[in-house]
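**Q**
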Amino acid sequence: MSASVSPPSLAGIPSPILRLLGGFGAGLIAAWLAQVVLSTNVRGLTLPALWPVGALAFAFSWRYGAGWAAVPAAGAGLALMLLGGDWRLALAALLGSSIGSSIGALMLARLLLWKPADYRIEATLRFIVVSLVIVAPVNACLATITLISTEVLPWTLFPSTSIGLWIADALGVMAITPLALSLLSPSGTQAPDGGRPFELVFAAIAALIAFGVTAVGQSGLSQYLTGLLFLTYPLLVAIGIRANERACAITVAFSTCVVLLSFRLGFGLPEISSSADTLPRPSALLNASLILMIAATTALLLQAVSSDRRHALGRIARQARQDMSTGLLNDRGLLAELGDRLVATHRPTYGLIGIQISNFDTLNDLCGPITALHLEQSAAALLQRQPGMLLAARLSSGRYCLMVGAESVTQVRTVARDVYCQLNGQVFKADHGSLRLIVSAGGLLVDNKTPVNAEDCMLSLSDAMAIASSVRDPQLFVEPLSQTTIEARRAYQEKTEHIREAIREHRFEVYAQPIVDSDAPQGLLSYEILARLRDSAGHIMKPPEFLPLAAQAQLTVALDRGIIRSVFSWLALNPDALARTHKCSINLSGLTMSDGTAASYIREMRSQFSIPSEKIVFEITESEAIRNPGAASRLVDELRADGFSIALDDFGTGLATFEYLKRFPIDYLKIDGSFIRNLINNPIDEEIVLSTIRVAHRLNVKTVAEHVHSQEIYDRLCSLGIDHLQGDLISRPRPLADLFSDELALTNAQEVVH
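So for the sequence shown, numbering that gives the first Met the number 0 puts the first residue at 0; every next one is plus one.
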């Protein structure tokens with residue numbers, strides 16, 4: 000009950016005077032109607048039915064304050080004076096409907112101040128308990144005492160009269176008070192949950208039941224009456240579960256009044272014995288009132304439970320679509336909202352802007368989570384203030400999306416630049432230093448004629464954000480979203496998914512290329528592992544086809560682990576090949592170097608497959624080592640401690656100095672093939688190679704030359720003092736099993752050395 004959780008207020012009826020007139024008139028009309036529907040004949044005097052008046056008094060006192068209970072009660076008293084001309088009935092109506100209602104309203108207000116109801120079921124339970132334990136008993140006792148003290152009733156009828164009035168008053172509170180509170184609520188406060196017009200359907204069913212009750216009463220088949228009355232249970236249960244508060248209140252009130260009126264028409268006016276010594280037998284009308292009161296209470300409870308459930312589901316739905324820290328949409332909500340807008344029949348042209356705070360994680364570490372949260376909330380407020388803003392979302396920490404109405408790339412770029420200028424360069428100070436925000440903004444113009452879905456838009460926006468983060472100040476990039484871009488992105492996504500699937504299903508093909516190794520004993524072979532993947536059709540994918548995509552999709556850690564496992568397991572299953580292996584080189588990606596669990600995984604695989612660590616060389620690239628020297632140094636130290644050898648691959652491409660050779664305790668230095676290919680014709684390349692060999696030998700690091708494709712290059716490298724050679728001249732990459740099964744290839748490689 001929405002009214003049950005609201006403190007008494009002066010909202011609803013426009014002014015106290017109109018409220019006074021309305022309450023007085025409602026009490027007058029209710030008292031007059033009650034004489035027709037539910038009244039009792041005692042000694043020729045028609046006693047009033049106070050149940051609708053007490054319900055109205057309770058509603059007024061609850062909504063506007065305890066004193067307002069007297070207003071409907073006064074109207075009822077006047078009605079009874081006009082109808083019967085007996086001041087005793089008016090006094091009973093005034094006392095028997097106002098005092099208990101005022102006490103109940105004060106009790107609910109105190110409970111609300113003590114602890115506000117968190118759920119509707121809690122508020123409804125308070126309402127039911129206060130109504131049945133305080134409001135109805137107090138009103139019934141005061142009305143009975145007034146009638147007895149004024150000699151309208153004998154004292155012997157006190158128990159039965161009090162019980163009858165308690166049941167009638169409880170029925171009124173359960174059936175009429177929720178409807179009155181709903182009508183007295185300020186406009187617009189009713190929750191829209193379950194707001195379909197169920198009350199019309201159920202009211203029609205209630206009318207059919209009422210006509211059945213009337214027919215049973217007039218035909219004398221009273222033994223079937225109770226069963227017919229219980230048909231109201233499924234009616235009110237259904238309305239309680241399916242409808243909202245107002246619909247439930249309307250149906251309960253209408254059903255109650257119609258059924259009671261049918262009893263009145265079918266059974267006439269109940270009679271109470273005039274003998275002071277005889278207790279009256281409960282009338283059929285009283286039994287019906289009790290059944291209807293229980294049914295109305297059940298309906299209110301079920302309506303509260305179902306309403307709480309709807310609100311809980313609504314909160315879950317909001318949490319699924321909304322970011323709780325900023326109030327913006329989250330990524331799921333953005334996709335849903337964007338999808339709805341893109342499928343609209345006459346959609347306009349939109350601008351999508353992606354904002355990324357590149358050093359947000361550093362800010363969080365330096366200044367703490369509270370400062371980071373304030374920044375995100377400020378960024379959210381900034382996005383919502385942008386002109387033409389249609390929706391804004393928080394994609395992840397420090398990443399946001401803004402949709403604006405736009406007709407050109409220039410308009411999108413203007414908004415993106417405005418947001419960029421307001422966020423970029425902000426300085427945050429902390430105890431350990433200060434930080435200046437680095438922001439990038441990528442944008443798209445989504446033309447209304449371009450067939451596109453939400454996923455395509457977000458993927459293209461991610462590309463635009465990546466481009467923006469890679470350009471110089473200002474880090475800003477906006478482009479129109481074209482069908483060509485979408486198709487290229489879809490093709491890229493499809494290839495990436497094929498690679499992910501191949502890695503997940505371990506469709507690895509282990510290739511190897513022999514290395515001329517002067518340190519290898521006679522009969523042993525050194526080689527580098529060069530992995531391949533098979534697509535779903537069984538075709539071989541070469542490294543240039545899948546390695547860049549795997550790196551962009553951050554799949555290289557899983558790829559490296561799959562290759563390591565495949566190589567170790569193959570060597571374990573082929574002990575002869577393992578025995579004939581001198582050095583087996585395996586490449587590690589940059590993400591694997593940054594993965595803190597890489598060394599422990601390699602250690603686990605070595606133990607599982609019983610691979611001698613001295614036979615394995617792990618290659619790390621120079622560019623990745625420069626990018627993350629701390630992680631590279633830790634990994635090198637851990638692997639060398641386990642007995643593995645380390646090679647620095649592609650040396651020279653990262654524009655590093657020889658200082659890195661002293662920083663990393665490596666065993667092999669692989670000179671990049673770009674310096675080897677033109678060694679004969681380019682004196683600069685030859686000088687670089689010679690210098691590298693000299694420094695490496697002084698550091699006791701062995702050198703490896705890649706891409707040796709001609710005899711001239713081979714002879715020149717040997718004259719320069721290179722230790723190991725690798726390339727197509729020696730042997731092309733081939734499956735690892737073929738390498739060991741081809742005795743001729745093994746013999747040729749050994750002859751080159753010896």
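Cβ coordinates follow ideal geometry from the N, Cα and C atoms, glycine included.
The model shown is predicted, which means the values in this text are computed figures rather than measured ones.
Can you name, in chain order, every residue of its own chain whose Cβ lies under 6 angstroms from the Cβ of F739, other than the five neighbours on each side?
**A** In the sequence shown, the residue the question calls residue 739 occupies position 740. The residues are A576.
**Q** Here's the rule: buried if 16 or more other CB atoms are within 10 angstroms of the residue's CB, otherwise exposed. What is D339?
**A** For the purposes of this step, residue 339 is identified with residue 340 of the sequence shown, where counting begins at 1. Under this definition D339 is an exposed residue.
**Q** Do you know offhand how far G442's Cα is from C456's?
**A** Within the sequence shown, the letter at position 443 stands for residue 442. Within the sequence shown, the letter at position 457 stands for residue 456. G442 and C456: Cα-Cα distance of roughly 10 angstroms.
**Q** Where are the beta strand (DSSP E) runs, 3 residues long or more, that stay fully inside the stretch 699 to 745, in chain order?
**A** 701 to 704, all fully within the stretch 699 to 745.
**Q** Using C-beta distances below 8 angstroms, list every residue in its chain close to A754, excluding the 5 sequence neighbours before and after it, in chain order.
**A** With the chain running from 0 to 753 in the structure shown, residue 754 is simply not present.
**Q** Hey, quick one: how far does the beta strand (DSSP E) through V138 stretch, first residue to last?
**A** Along the sequence shown, one-based indexing puts residue 138 at 139. The question names Val, yet the displayed sequence has Asn at residue 138. N138 -> not in any beta strand (DSSP E); alpha helix (DSSP H) instead, spanning A135 to S148.
**Q** Report the three-state DSSP secondary structure of G537 (helix, strand or coil).
**A** What you label residue 537 is simply residue 538 of the sequence shown in a count that begins at 1. Reduced to three states, the DSSP call for G537 is coil.
**Q** Beta-carbon separation of R560 and L524 under 7 angstroms?
**A** In the sequence shown, the residue the question calls residue 560 occupies position 561. In the sequence shown, the residue the question calls residue 524 occupies position 525. No, they are not a contact pair.
**Q** Quick check: the stretch 94 to 103 against the stretch 68 to 79, are there 3 or more CB pairs under 8 angstroms?
**A** Yes, they touch.
**Q** Rounded to whole angstroms, how far is the Cβ of I585 from the Cβ of I562, which I believe are closer than 8 angstroms?
**A** Sequence index remark: in the sequence shown, residue 585 carries index 586 (1-based). Sequence index remark: in the sequence shown, residue 562 carries index 563 (1-based). Yes, I585 and I562 are in contact; Cβ-Cβ is about 7 angstroms, under 8 angstroms.
**Q** Just reading off the alpha helix (DSSP H) that R697 is part of, what are its end residues?
**A** Walking along the sequence shown from the start, residue 697 turns up at place 698. Element bounds for R697: P682 to R697.
**Q** How many angstroms separate the CA atom of Q385 from the CA atom of T297?
**A** Looking up residue 385 in the sequence shown gives position 386. Looking up residue 297 in the sequence shown gives position 298. Cα-Cα distance, rounded: 51 angstroms.
**Q** Looking only at its own chain, which residues have a Cβ that is under 7 angstroms from the Cβ of A557, when we skip the five neighbours before and after it?
**A** Locating residue 557 in the sequence shown gives position 558, counting from the first residue. Result list for A557: I502, in chain order.
**Q** Compute the beta-carbon to beta-carbon distance between N604 and R564, rounded to the nearest angstrom, for a pair I have assumed lies under 8 angstroms.
**A** Locating residue 604 in the sequence shown gives position 605, counting from the first residue. Locating residue 564 in the sequence shown gives position 565, counting from the first residue. The amino acid at residue 604 is misidentified as Asn; the sequence shows Met. With a Cβ gap of about 6 angstroms, M604 and R564 count as contacting.
**Q** In chain order, what residues of the same chain lie with their CB nearer than 6 angstroms to the CB of T691, ignoring the 5 residues before and after it?
**A** Position 692 of the sequence shown, counting from 1, holds the residue named residue 691. So the list reads I670, once near-sequence residues are dropped.
**Q** On the CB-based measure, 16 or more other CB atoms within 10 Å of its CB, does S730 come out buried or exposed?
**A** As a working mapping, residue 730 is identified with position 731 in the sequence shown. Buried, by the Cβ-count rule.
**Q** Using only CA atoms, which one of L333, V342 and E150 lies nearest to Y399?
**A** On the sequence shown, position 400 is the one that residue 399 refers to. Nearest option by C-alpha distance: L333.
**Q** Sorted by chain position, which residues of the same chain lie with C-beta nearer than 7 angstroms to P281's C-beta, five sequence neighbours on each side aside?
**A** Here residue 281 refers to the residue found at position 282 when the sequence shown is read from its first residue. Confidence at P281 is low in this model, with a pLDDT of 46, below 50, so the placement of that residue should be treated as unreliable; the coordinate-derived value is given next. Around P281: no qualifying Cβ.
**Q** Assuming I562 is part of the alpha helix (DSSP H), what are its boundary residues?
**A** Counted from its first residue, the sequence shown places residue 562 at position 563. Its alpha helix (DSSP H) spans residues T555 to L572.
**Q** Assuming L32 and P51 are in contact, meaning their beta carbons sit under 8 angstroms apart, how far apart are those beta carbons, in whole angstroms?
**A** Numbered from its first residue, the sequence shown carries residue 32 at position 33. Numbered from its first residue, the sequence shown carries residue 51 at position 52. Confirmed, about 7 angstroms.
**Q** Suppose the cutoff is 6 angstroms on Cβ atoms and the five residues either side in sequence are ignored; what does the same chain contact list for H708 look like?
**A** On the sequence shown, position 709 is the one that residue 708 refers to. G726, D727 and L728, listed in sequence order.
**Q** What are the start and end residues of the alpha helix (DSSP H) that includes N447?
**A** By 1-based counting over the sequence shown, the position of residue 447 is 448. Here N447 belongs to no alpha helix (DSSP H), and DSSP marks it neither H nor E.
**Q** When you compare only the Cα positions, how much space is there between S461 and G353?
**A** As a working note, residue 461 is residue 462 in the sequence shown. As a working note, residue 353 is residue 354 in the sequence shown. For S461 and G353, the distance between alpha carbons rounds to 8 angstroms.
**Q** Tell me the rounded alpha-carbon separation between I240 and R308.
**A** As a first step, residue 240 must be located in the sequence shown, where it is residue number 241. As a first step, residue 308 must be located in the sequence shown, where it is residue number 309. Distance between the alpha carbons of I240 and R308: 10 angstroms.
**Q** Run the CB neighbour count on I16, radius 10 Å, all protein chains shown included, and call it buried at 16 or more, exposed below.
**A** Residue 16 sits at position 17 when you count from the first residue of the sequence shown. The residue is exposed, with fewer than 16 neighbouring Cβ atoms inside 10 Å.
**Q** Pick out whichever of D446, G424 and F427 has its Cα sitting closest to the Cα of V342.
**A** Here residue 342 refers to the residue found at position 343 of the sequence shown. The candidate whose alpha carbon is nearest that of V342 is D446.
**Q** According to DSSP, which residues form a beta bridge with T620?
**A** By one-based count along the sequence shown, residue 620 stands at place 621. Partner(s): D648.
**Q** Less than 7 angstroms between the beta carbons of A698 and L719, yes or no?
**A** The residue you call residue 698 lines up with position 699 of the sequence shown. The residue you call residue 719 lines up with position 720 of the sequence shown. In the sequence under discussion, the amino acid at residue 698 is Leu, which differs from the Ala named in the question. Not a contact, by the Cβ cut-off of 7 angstroms.
**Q** Whole angstroms are fine: how far does the CA of A453 sit from the CA of L259?
**A** Walking along the sequence shown from the start, residue 259 turns up at place 260. Walking along the sequence shown from the start, residue 453 turns up at place 454. Each residue's alpha carbon lies about 58 angstroms from the other.
**Q** Give the secondary structure of I175 by DSSP, where H, G and I count as helix, E and B as strand, and everything else as coil.
**A** Here residue 175 refers to the residue found at position 176 of the sequence shown. In the structure shown, I175 sits in a helix (DSSP, three-state: H, G or I).
**Q** Sort A704, E686, S612 and Q607 by Cα distance to F650 and report the nearest one.
**A** As a working note, residue 650 is residue 651 in the sequence shown. Of A704, E686, S612 and Q607, the residue nearest in Cα terms is A704.
**Q** Assuming E621 and D648 are in contact, meaning their beta carbons sit under 8 angstroms apart, how far apart are those beta carbons, in whole angstroms?
**A** Taking the first residue of the sequence shown as 1, we reach residue 621 at position 622. Taking the first residue of the sequence shown as 1, we reach residue 648 at position 649. Indeed, because the Cβ distance is near 7 angstroms, the residues count as touching under 8 angstroms.
**Q** Sort out for me which residues DSSP pairs E478 with in a bridge.
**A** Taking the first residue of the sequence shown as position 1, residue 478 is located at position 479. According to DSSP, E478 bridges with L443.
**Q** Taking just the CA atoms, how far does E375 sit from A169?
**A** Residue mapping note: residue 169 aligns to position 170 of the sequence shown, counting from 1. Residue mapping note: residue 375 aligns to position 376 of the sequence shown, counting from 1. Distance between the alpha carbons of A169 and E375 is about 54 angstroms.
**Q** Rounded to whole angstroms, what's the CA-CA distance from L351 to A487? Just pull it up for me.
**A** If you number the sequence shown from 1, residue 351 lands on position 352. If you number the sequence shown from 1, residue 487 lands on position 488. So the alpha carbons of these two residues sit roughly 19 angstroms apart.
**Q** Alpha helix (DSSP H) containing D364: first to last residue?
**A** Residue mapping note: residue 364 aligns to position 365 of the sequence shown, counting from 1. F359 to C366 is the span of the alpha helix (DSSP H), which, as asked, contains D364.
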